[in-house]
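In this note's numbering, the protein residues as written are 878 to 1294.
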């Protein structure tokens, strides 16, 4: 199986009582709380953590996009990803670079996303995984001002334009509902033709689930809200895949898991527990409910699903007060010694049929030194035991970056190679 490092870039220095004093960690982050020098330190740590993950032998990196947010200061993840892509190419690191956070439901410049992804694919030598999230409601509808009822339609149209722009052999005009271009002819194109592999991040929308299967993409589940929620979502995904005639290939699923490794269970719980609480209380838990779904944002299938099962958001309503012990008990985080983390991850991967496991090593206020400590223990004592989880079933990962194509003669202006 594949194991990747999932990296966000939170502001790691919010006050202890942030979640009780302030309404939101998004859209209205509070400028008086920000120290520019510390922001610089956090960005530097973020990039160094990504590079460390590639040095330690993980299979890839995942970065995301969130605007006007202090839990992930990443309004354009292609910027740090470009730095990492260059280092990967220069050092010969054969790892995937997943940018799973360019939300197509909020953008008014889909062609720019097509071009930026193509640049990353070229710089990295064909190692890009292209992520196409819809975008969280606060980001699309509040930050970007997209009317909620337009979000899904804009998403699907922008997807179709980008895919055609990457593969069309001649310039074409695009006269869509949301985007109009007289000439579409991006330079460069991705080196992976006709498209890099596409992974779609989601928190469980049934409409997105069906669309992912119909387009043969990877279903990328973000599991912050507890194991019980993940069980229901992935059972539903594989049931739907079977009905649509798809085999139960675990590489169809990528799964995010917060995890931290210490020398012993006691050390890990002591060292990482306060930073877990910071992340879930001051981060995900401090996104107001309306930030996850303004009226009109969900499609009909999503509304019907919530009416049938209001528990779809798991422990989200309790995150502002949740404890580290509860987070570990409910599966939102796996924390412990190498043996503890290894055994829990193996059980999770087998039960949920996960082919690509995304480990969130840095969360909340966790300092750089502890991130690297956890990464090293994971790489040395956990990762080797996860590699062969699916070897006995013989699946292939058809959604993994393909690298540079075989070298071919290049035509000159005079038509000679």
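Just so it is clear, CB atoms sit at the ideal spot from N, CA and C, and this is done for glycine as well.
Same chain only: Cβ atoms within 6 Å of residue i, ignoring 5 sequence neighbours per side
i: residue 1171; result: 1014, 1018 and 1025
i: residue 1214; result: 1141 and 1142
i: residue 1153; result: 1201, 1204 and 1210
i: residue 1233; result: 879 and 1131
i: residue 1031; result: 982 and 1055
Nearest-angstrom Cα separation, counted from residue j out to residue i
i: residue 1141; j: residue 1247; result: 14 Å
i: residue 1167; j: residue 1268; result: 43 Å
i: residue 1149; j: residue 1156; result: 11 Å
i: residue 1240; j: residue 1251; result: 12 Å
i: residue 1216; j: residue 1138; result: 9 Å
i: residue 1200; j: residue 1135; result: 15 Å
i: residue 1112; j: residue 1098; result: 12 Å
i: residue 1197; j: residue 1203; result: 12 Å
i: residue 1086; j: residue 1096; result: 7 Å
i: residue 911; j: residue 1060; result: 43 Å
i: residue 1243; j: residue 1190; result: 25 Å
i: residue 895; j: residue 889; result: 12 Å
i: residue 962; j: residue 931; result: 11 Å
i: residue 891; j: residue 1238; result: 19 Å
i: residue 1256; j: residue 1110; result: 29 Å
Span of the beta strand (DSSP E), counted from its first residue to its last, around residue i
i: residue 1078; result: 1075-1079
i: residue 943; result: Unbroken run through residue 943: none, as it is neither H nor E.
i: residue 977; result: That residue, residue 977, is in no beta strand (DSSP E); it is neither H nor E in DSSP.
i: residue 1057; result: 1057-1061
i: residue 879; result: 879-884
i: residue 1137; result: 1130-1138
i: residue 1235; result: 1233-1237
i: residue 1028; result: Premise fails: residue 1028 lies in the alpha helix (DSSP H), 1028-1044, not in any beta strand (DSSP E).
i: residue 1052; result: 1049-1052
Same chain only: Cβ atoms within 8 Å of residue i, ignoring 5 sequence neighbours per side
i: residue 990; result: 979, 981, 984, 1035 and 1039
i: residue 951; result: 885, 886, 940, 941, 942, 943, 957 and 978
Residue range of the alpha helix (DSSP H) that includes residue i
i: residue 915; result: 913-932
i: residue 1126; result: That residue, residue 1126, is in no alpha helix (DSSP H); it is neither H nor E in DSSP.
i: residue 1145; result: 1142-1159
i: residue 888; result: No alpha helix (DSSP H) holds residue 888; DSSP gives it neither H nor E.
i: residue 991; result: 987-1001
Contact with chain C by residue i, beta-carbon distance below 7 Å
i: residue 919; result: Although the question refers to chain C, the structure presented lacks it and comprises just one protein chain.
Environment of residue i [buried if 16+ CB atoms lie within 10 Å]
i: residue 1271; result: exposed
i: residue 1020; result: buried
i: residue 1225; result: buried
i: residue 1101; result: buried
i: residue 1192; result: buried
i: residue 1221; result: buried
i: residue 938; result: buried
i: residue 897; result: exposed
i: residue 1088; result: buried
i: residue 1284; result: exposed
i: residue 1282; result: exposed
i: residue 1028; result: buried
i: residue 1208; result: buried
i: residue 1230; result: buried
Cβ shell of residue i (< 7 Å), same chain only, five flanking positions each side left out
i: residue 955; result: 976, 993 and 997
i: residue 1266; result: 878, 1223, 1226 and 1227
i: residue 1016; result: 943, 944, 980 and 983
Cβ pair count under 8 Å reaching 3, the stretch 1040-1053 against the stretch 968-986: no
If contact is defined by three or more beta carbon pairs under 8 Å, each pair taking one atom from either stretch, is the stretch 1122-1135 in contact with the stretch 1270-1278? The stretch 1270-1278 vs the stretch 1122-1135: in contact.
With three or more C-beta pairs closer than 8 Å as the rule, is the stretch 1003-1011 touching the stretch 1072-1086? yes
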